[in-house]
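Residue numbers (our numbering), protein chains in the order written: chain C, 1 to 189; chain U, 1 to 189.
A short write-up of the structure that comes next.
Number of protein chains: 2
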Amino acid sequence: MPSPWERRSRRRILETRIFAIDHHRLVSPRTGNEHDIWVVDAVDWCNIIPLTDDDQVVMVRQRRHGTGEVTLEVPGGMVDPEDPSPLEAARREMLEETGYAADDVVSLGAISPNPAFITNRCHSFLARGVRKVAAPRLEGGEDIEVVTVPLASIPERITSGEITHALVVVAFTFALGLGGMPAPLPRLR
Amino acid sequence: MPSPWERRSRRRILETRIFAIDHHRLVSPRTGNEHDIWVVDAVDWCNIIPLTDDDQVVMVRQRRHGTGEVTLEVPGGMVDPEDPSPLEAARREMLEETGYAADDVVSLGAISPNPAFITNRCHSFLARGVRKVAAPRLEGGEDIEVVTVPLASIPERITSGEITHALVVVAFTFALGLGGMPAPLPRLR
Chain C
1 MPSPWERRSR
11 RRILETRIFA
21 IDHHRLVSPR
31 TGNEHDIWVV
41 DAVDWCNIIP
51 LTDDDQVVMV
61 RQRRHGTGEV
71 TLEVPGGMVD
81 PEDPSPLEAA
91 RREMLEETGY
101 AADDVVSLGA
111 ISPNPAFITN
121 RCHSFLARGV
131 RKVAAPRLEG
141 GEDIEVVTVP
151 LASIPERITS
161 GEITHALVVV
171 AFTFALGLGG
181 MPAPLPRLR
Chain U
1 MPSPWERRSR
11 RRILETRIFA
21 IDHHRLVSPR
31 TGNEHDIWVV
41 DAVDWCNIIP
51 LTDDDQVVMV
61 RQRRHGTGEV
71 TLEVPGGMVD
81 PEDPSPLEAA
91 RREMLEETGY
101 AADDVVSLGA
111 ISPNPAFITN
121 RCHSFLARGV
131 RKVAAPRLEG
141 GEDIEVVTVP
151 LASIPERITS
161 GEITHALVVV
171 AFTFALGLGG
181 MPAPLPRLR
């Protein structure tokens, strides 16, 4: 089992609204040498699959400033300090971005977006029996179109590259499981 | 379809060995207001599922400095400028981190690690019939243990939280497809 690394120093070198950057000097237990490590420190994120009673997924199209592309995603965002829990943050994001709500929200799991250099986790949820209860309420930096697509179309939208956000793929993997989509490997069951 | 945002300015505010940070001033086409956007600019990444002829996956345990945890992952890393292609980068990472090689390497797909604020893509590959041909050759900052696990155990390792890296989950989703794992949603087929 790889051993812990000793930390010689840690310095915050950038702070933004979305994340901070920390510089660490760490000592490799294997070589004894010091290494410079840069880490993105971010609060936890959440996303949620809103599913209607007739198996439609409520999704959002939005322009994303990392890649500059318009993506097809499920609602999600940062778990704010005011949110009582990741689940309540996911409910809030779903309501704000789509205007949909549900009583039945279950946890699907949590994942590390990139343990190599991002500190946080992303928590995924499934909302069943969602209904439209309000108009979307967008923040200034958001620019979102709400679309509903059949749940059965999700695997094809992932393999075709229409759904491109890794954390959205992970949420659907948690929800649908592995093994049923046309794939280069034999099915497990 | 959400419209493009006009860019008023773009400034590089940090450069590290792994990524750079750019600050953008963008104008929302919906509100006309300017927004501060921070973007992580990174080269493309790759990962690869090394599979033996008897359906064992060659994986790596390593301490990851983002989360501070020891993770169970498939080999992967940055696509270096010297790499002829993402596929050759994935072969190189597999050989360096595990000492395994294969003739038969196929592309599984590419994903955006986080289109909201990271610029790059991660390319996933599957290597079939891998054989150990060398000892692992670790870089100074790496500290890796090679382990082989049955392919059939992967879904359980994802649902149990043993495999926690989102991009590794995406690679297995591409390889195995969605729909066969015990899951809260009915299977699609």
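Even glycine gets a Cβ: it sits at the ideal position worked out from N, Cα and C.
Original post:
Would you say U:C122 faces chain C, with C-beta separation under 8 Å as the test?
Top reply: yes
Original post:
Are C:T164 and U:G140 closer than 8 Å when you measure CB to CB?
Top reply: no
**OP:** Give the DSSP-derived three-state secondary structure of C:S153 in the structure shown.
**Re:** helix
Subject >> chain C within 8 Å of U:M94, Cβ atoms only >> reply: no
Original post:
Would you say C:V40 reaches chain U, if we count a Cβ-Cβ gap shorter than 8 Å as a contact?
Top reply: yes
Original post:
Between the C-alpha atoms of U:R91 and U:I48, what's the straight-line distance to the nearest angstrom?
Top reply: 8 Å
Original post:
Is the beta carbon of U:V57 less than 8 Å from the beta carbon of U:L151?
Top reply: yes
Subject >> Residues of the segment 1-32 of chain U whose Cβ lies closer than 9 Å to any Cβ of chain C, in chain order >> reply: M1, P2, S3, P4, W5, I13, L14, T16, R17, I18, F19, I21, H23, H24, L26, S28, P29, R30, T31
Original post:
What first and last residue would you give for the beta strand (DSSP E) that runs through U:A110?
Top reply: 104-111
Original post:
With a cut-off of 8 Å, does the C-beta of U:R91 fall near any C-beta of chain C?
Top reply: no
**OP:** Using DSSP bridges, identify the partner residues of C:E73.
**Re:** C:V60
Original post:
What number of angstroms, rounded off, separates the C-alpha of C:W45 from the C-alpha of C:L108?
Top reply: 14 Å
Original post:
Which chain U residues are close to C:E162, counting only those with a beta carbon under 9 Å from its beta carbon?
Top reply: Going along chain U, no residue has its Cβ under 9 Å from C:E162, so there is no contact; the nearest lies around 12 Å.
Original post:
Are the segment 109-127 of chain U and the segment 168-182 of chain U in contact at 8 Å, needing three or more beta carbon pairs?
Top reply: yes
Original post:
For C:L87, which of helix, strand or coil comes out of DSSP?
Top reply: helix
Original post:
To the nearest angstrom, how far is it from the Cα of C:P2 to the Cα of U:V170?
Top reply: 24 Å
Original post:
Just curious, the beta strand (DSSP E) that U:V169 is in, first and last residue?
Top reply: Segment 166-176 is the alpha helix (DSSP H) holding U:V169; no beta strand (DSSP E) there.
Original post:
Which same chain residues, not among the five before or five after C:L26, have their C-beta less than 6 Å away from its C-beta?
Top reply: W5, R7, H35, I37
Subject >> Interface residues of chain U facing C:I118 [CB-CB closer than 7 Å] >> reply: G66
**OP:** Measure from the alpha carbon of U:V149 to the alpha carbon of each residue in U:F117, U:M59, U:S85, U:K132, then state which is nearest.
**Re:** U:M59
Original post:
Going straight from the alpha carbon of C:G66 to that of U:G99, what length do you get?
Top reply: 34 Å
Original post:
Rounded C-beta distance between U:A89 and U:D103? I'm assuming under 8 Å.
Top reply: Wrong, their Cβ atoms sit about 17 Å apart, outside the cutoff.
Original post:
Taking just the CA atoms, how far does C:V168 sit from C:I154?
Top reply: 11 Å
Original post:
Can you give the beta carbon distance from C:V74 to C:R63, rounded, assuming they're within the 8 Å contact cut?
Top reply: In fact, because the Cβ distance is near 16 Å, the residues do not count as touching under 8 Å.
Original post:
Under a CB-based cut-off of 8 Å, is U:D143 close to chain C?
Top reply: yes
Original post:
Roughly how many whole angstroms lie between the Cα atoms of U:F19 and C:I21?
Top reply: 11 Å
Original post:
Between C:E15 and C:S85, what straight-line distance do the alpha-carbon atoms span, to the nearest angstrom?
Top reply: 24 Å
Original post:
Among U:L72, U:L51, U:A42, which one has its Cα closest to the Cα of U:I158?
Top reply: U:L72
**OP:** Just tell me which of C:R12, C:T52, C:V105 has its CA closest to the CA of C:L147.
**Re:** The sequence shown places Val at residue 147 of chain C, rather than the Leu named in the question. Among C:R12, C:T52, C:V105, the Cα nearest to that of C:V147 is on C:T52.
Original post:
In chain C, which residues lie less than 7 Å from U:P150 when you measure between Cβ atoms?
Top reply: Within 7 Å Cβ-Cβ: nothing; U:P150 doesn't reach chain C, min ~10 Å.
Original post:
Taking buried to mean at least 16 other C-beta atoms within 10 Å of its own C-beta, is C:A135 buried or exposed?
Top reply: exposed
Original post:
What are the uninterrupted segments assigned as beta strand (DSSP E) that are 3 or more residues long and contained completely in the segment 117-162 of chain U, given in chain order?
Top reply: 122-128, 144-150
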